[in-house]
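Engineer: According to numbering that gives the first Met the number 0, the sequence shown holds residues 0 to 571 in order.
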Amino acid sequence: MSSEFELLQRALAGRYSLVREIGRGGMGVVFLAREAALDRLVAIKLLPPAMARDPAERERFLREARTAARLAHPHIVPIHTVEADGDVVWFAMEYIAGESLGELLREGALPADAVFRLAQEAGWALSHAHALGVIHRDVKPDNILVEAATGRTLVTDFGIAHHPELSDPRIGHGTLHYMSPEQAMGSEVDARADIYSLGVTLFHALTGRRPFEGLSGAALLTQQGSEHPPTVASLSPRAPTALATVIDRAILPDPDARWPSMEEFTKGLAAARALVPSLPVPLQRFGRHAVEHGRQLGPMAGVAAAALLGALFTNAFLDNFLGIEVAIYLLLAAISGVVAIGMVVEQVREIRALARLGYRRAAALRAIESVDVEEARVAAPVAGPAWSRRPRAIIPLGVALTVAGLMLVSSASAGIPVLIGFALSLFTPAITVSRIARIKGMQGSWWGRLLGSRVGGWLWQSATLGQGPVAEAVLGGEPTALALGGIVQSLFGELSPSEQQLLHEVPELAARLEARAMDSAAPDRTEALVALESLRLDLLRLRAGQVAATGITEDLRKLRDVGFYVDARSEI
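Quick look at the structure:
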């Protein structure tokens, strides 16, 4: 228990019960607390007592609370209470259960879809602040929160925000790596400084690094003043071109060359998002399956390799060349190997199916990258003490336990020790490989890394041998049937559970019709395309309240009657 914890808890006893410290920075300590009157969790930010005795720091801290309290917006963390009593200066705000963008970026870059959403929601929040004359001046990943349950983005920490009536706009506070050149030089700043900082934050989120990485303030200022920032495309070639263009303009060193306002910036983002269509259904399926295979294949291959090594190791210490222990190891290696090979064969089959629709390796790579990595991270978070989240600490532990298991098997002839040895020597490598993959964020991208390599190119060519030439389906200009199919699937996902239950056959029907419309040899491909269009329009009318779900079931019956549904089922 820190001295700040005890000081604040004594001052707030009966009103708030502090749970734990959740953050500490230059302007305060943040505690998770329970508000007794409303029985809700809140975050309380305390100004350290030494700073509370400084009138300037005290006023700056209270200004953050007052400024943020004025900014009522869904994407700005709201302030509940502000108080100052002697050395105890604090304010309570909504507790956001989730992570900061800074924490998320320590695990790597984010998918483009996540960056689009984050950019727009943070942009809306800052646009609201700018409309009230408030410039944040410290936009950075650590001041952007992502709510775990909803994925909602919230901007926080207006501690050095500029309001015309409260502060000198030329004071050079902020974080240098994300600070605009004019702010770093102490010049007067306006909304375009926040645009620059948000642009650098998004650049970091999309590419995994910042435009300038100088270690010292002088080095950063030199880079900003003498070098043109790198483009998003130069570091992340697969990033959507429209999104990359919006970000590139936001981080230009000349304020006049940037977006003129945060409102225009968010409009640019919306226009860019419209130019990046949702992936067609076949690509969505391929991406999801590739991620699932990536999660499973590593541990299975680990078990197979461990079993083979166990057989060799055990045989070296046993007189019987094919003793029961060695035989068990070989059997487990065979089973695990067959399962792993089966996964590879299944993935090759899906590659062939994708290629038949006209998609090439670049489209498959984008499909894998588009899978929501955040969803996988939330579903299977990496827990445990800090040392257990470091691969360098896990590897020697896994090796040690594996060797211990092998020695138990080789030194004991029967009984419990042999069973323990088998477990340690087989499943420790699998668990170790799986945990390292989770820490490094590689499970979802395993197939992506493979397909993006030279081996992946060879695998793609081998998987598509004998298929003959096919028309390429270009992302952003994909075949109409695939675009319609993707829209139908997306609209169906927006329906209520009761409507989805009533129209449960729509997703499969759309997929079958999609396949029929893409089959150049099918005599009724045009009719299948018309049927897809009919489905899309019906779902749009349902969403707009112009028709009931029962009305659409009648259209589905007509589609079955004319044979589209039955015929399409037989084609795929």
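Quick reminder that beta carbons are idealized off the backbone N, C-alpha and C, glycines included.
Here the structure is a predicted model, which means the values were calculated and not measured.
Smallest Cα separation from F30: which of G456, A36 and S16?
Structural biologist: Ranking the options by Cα distance to F30, first place goes to S16.
Engineer: Does DSSP put H72 in a helix, in a strand, or in coil?
Structural biologist: If DSSP states are grouped into helix, strand and coil, H72 belongs with coil.
Engineer: Output the residue ranges of the beta strand (DSSP E) runs that lie fully inside the segment 5-67 and measure 3 residues or longer, sorted by chain position.
Structural biologist: Whole beta strand (DSSP E) segments, 3+ residues: 15-24, 27-34 and 39-46.
Engineer: So, is L356 buried or exposed, given that buried needs 16 or more other C-beta atoms within 10 angstroms?
Structural biologist: Classification of L356: buried, given that the 10 Å Cβ count is 16 or more.
Engineer: Could you check what DSSP says for M92 in three-state terms: helix, strand or coil?
Structural biologist: It is a strand residue.
Engineer: Tell me where the alpha helix (DSSP H) around S235 begins and ends.
Structural biologist: Note, S235: premise wrong, no alpha helix (DSSP H); not H, not E.
Engineer: Suppose the cutoff is 6 Å on Cβ atoms and the five residues either side in sequence are ignored; what does the same chain contact list for S166 look like?
Structural biologist: Unreliable positioning characterises S166 in this predicted model, as indicated by a pLDDT of 41, which lies under 50. The coordinate reading is nonetheless provided below. Result list for S166: empty, nothing under 6 Å.
Engineer: Would you be able to state if there are at least three C-beta pairs under 8 Å between the segment 115-125 and the segment 194-201?
Structural biologist: The segment 194-201, when compared against the segment 115-125, does touch it at the 8 Å Cβ threshold.
Engineer: In the DSSP assignment, what residue or residues form a beta bridge with E82?
Structural biologist: In DSSP, E82 forms a bridge with W89.
Engineer: Among V337, R351, L483 and L205, which one has its Cα closest to the Cα of L234?
Structural biologist: Comparing Cα-Cα distances from L234 to each of V337, R351, L483 and L205, the minimum goes to L205.
Engineer: Specify the secondary structure class of L494 as computed by DSSP and reduced to three states.
Structural biologist: Of the three classes helix, strand and coil, the one that applies to L494 here is coil, per DSSP.
Engineer: By DSSP, does S533 sit in helix, in strand, or in coil?
Structural biologist: In this structure, S533 counts as helix in the three-state DSSP scheme.
Engineer: Got a sec? Which residues, its chain only, sit under 6 Å from R19 by beta carbon, not counting five neighbours each side?
Structural biologist: Contacts found: L31.
Engineer: With distances taken between CB atoms, is the gap from H79 to A91 smaller than 8 Å?
Structural biologist: Against a cut-off of 8 Å, the Cβ pair of A91 and H79 comes out as a contact.
Engineer: Relative to the C-alpha of R209, which candidate in R191, I367, L40 and T174 has its C-alpha closest?
Structural biologist: The candidate whose alpha carbon is nearest that of R209 is T174.
Engineer: Use the C-beta contact count for L366: other C-beta atoms within 10 angstroms, 16 or more gives buried, fewer gives exposed.
Structural biologist: It is Ala, not Leu, that sits at residue 366 in the sequence shown. Buried is the call here.
Engineer: Among I350, V88, M517 and E493, which one has its Cα closest to the Cα of A543?
Structural biologist: When only C-alpha atoms are compared, the closest one is E493.
Engineer: Flag this pair as yes or no: are the beta carbons of H129 and M261 separated by less than 8 Å?
Structural biologist: Their beta carbons are under 8 Å apart, which means H129 touches M261 by this criterion.
Engineer: Could you tell me which of P228, G85, L449 and Q488 sits nearest to L251, measuring between CA atoms?
Structural biologist: Taking only the C-alpha atoms, the option nearest L251 is P228.
Engineer: Q346: buried (16+ other C-beta within 10 angstroms of its C-beta) or exposed?
Structural biologist: Buried, by the Cβ-count rule.
Engineer: In angstroms, rounded to a whole number, what distance separates the CA positions of F4 and L11?
Structural biologist: Approximately 11 Å, taken between the alpha carbons.
Engineer: Given L552, which residues of its chain have a CB within under 8 Å of its CB, disregarding the five upstream and five downstream residues?
Structural biologist: Checking the sequence, you will find Thr at residue 552 rather than Leu. Counting only Cβ-Cβ distances below 8 Å, and skipping sequence neighbours, we find L501 and L502.
Engineer: Quick one: residues in its chain with C-beta nearer than 8 Å to the C-beta of L449, no 5 flanking neighbours on either side, listed in chain order?
Structural biologist: Answer for L449: G455 and L458, listed in chain order.
Engineer: I need the DSSP call for V343, collapsed to helix, strand or coil.
Structural biologist: Helix, per DSSP.
Engineer: Would you decide whether S569 is buried or exposed? Buried here means 16 or more other CB atoms lie within 10 Å of its CB.
Structural biologist: Low confidence applies to S569: its pLDDT is 46, below 50, so where it sits in the model is not reliable enough to give any reading.
Engineer: Tell me, please, which residues DSSP counts as bridged to V145.
Structural biologist: Per DSSP, E98 and T152.
Engineer: Under a three-way DSSP split, which group does I250 fall into?
Structural biologist: Looking at I250 - three-state DSSP - the assignment turns out to be coil, as it is neither helix nor strand.
Engineer: Please report the straight-line C-alpha distance between R14 and E34, rounded to a whole angstrom.
Structural biologist: Near 6 Å, if we compare the C-alpha coordinates of E34 and R14.
Engineer: Starting from the Cα of E63, find the closest Cα among P254, A339, V81 and A243 and give me that residue.
Structural biologist: Taking only the C-alpha atoms, the option nearest E63 is V81.
Engineer: Can you grab the Cα-Cα spacing for the pair P54 / L104, in whole Å?
Structural biologist: For P54 and L104, the distance between alpha carbons rounds to 36 Å.
Engineer: Beta-carbon within less than 7 Å of H72's beta-carbon, same chain only, minus the 5 sequence neighbours each way: which residues are those?
Structural biologist: Once the five neighbours on either side are set aside, the close Cβ partners of H72 are A124 and H127.
Engineer: Taking the alpha carbon of G341 as the point to measure from, which residue in A354, Y358 and L296 has its own alpha carbon closest?
Structural biologist: Measuring from the Cα of G341, the nearest candidate turns out to be L296.
Engineer: Straight-line CA distance for L330 to V338?
Structural biologist: Going from the Cα of L330 to the Cα of V338 covers about 12 Å.
Engineer: Do the segment 131-145 and the segment 183-199 meet, that is, are 3 or more Cβ pairs less than 8 Å apart?
Structural biologist: Result yes; three or more Cβ-Cβ pairs closer than 8 Å.
Engineer: I'd like the list of long-range same chain contacts for L6, defined as Cβ closer than 6 Å, with 5 residues on each side in sequence excluded.
Structural biologist: Excluding sequence neighbours, L6 sits near nothing in its chain.
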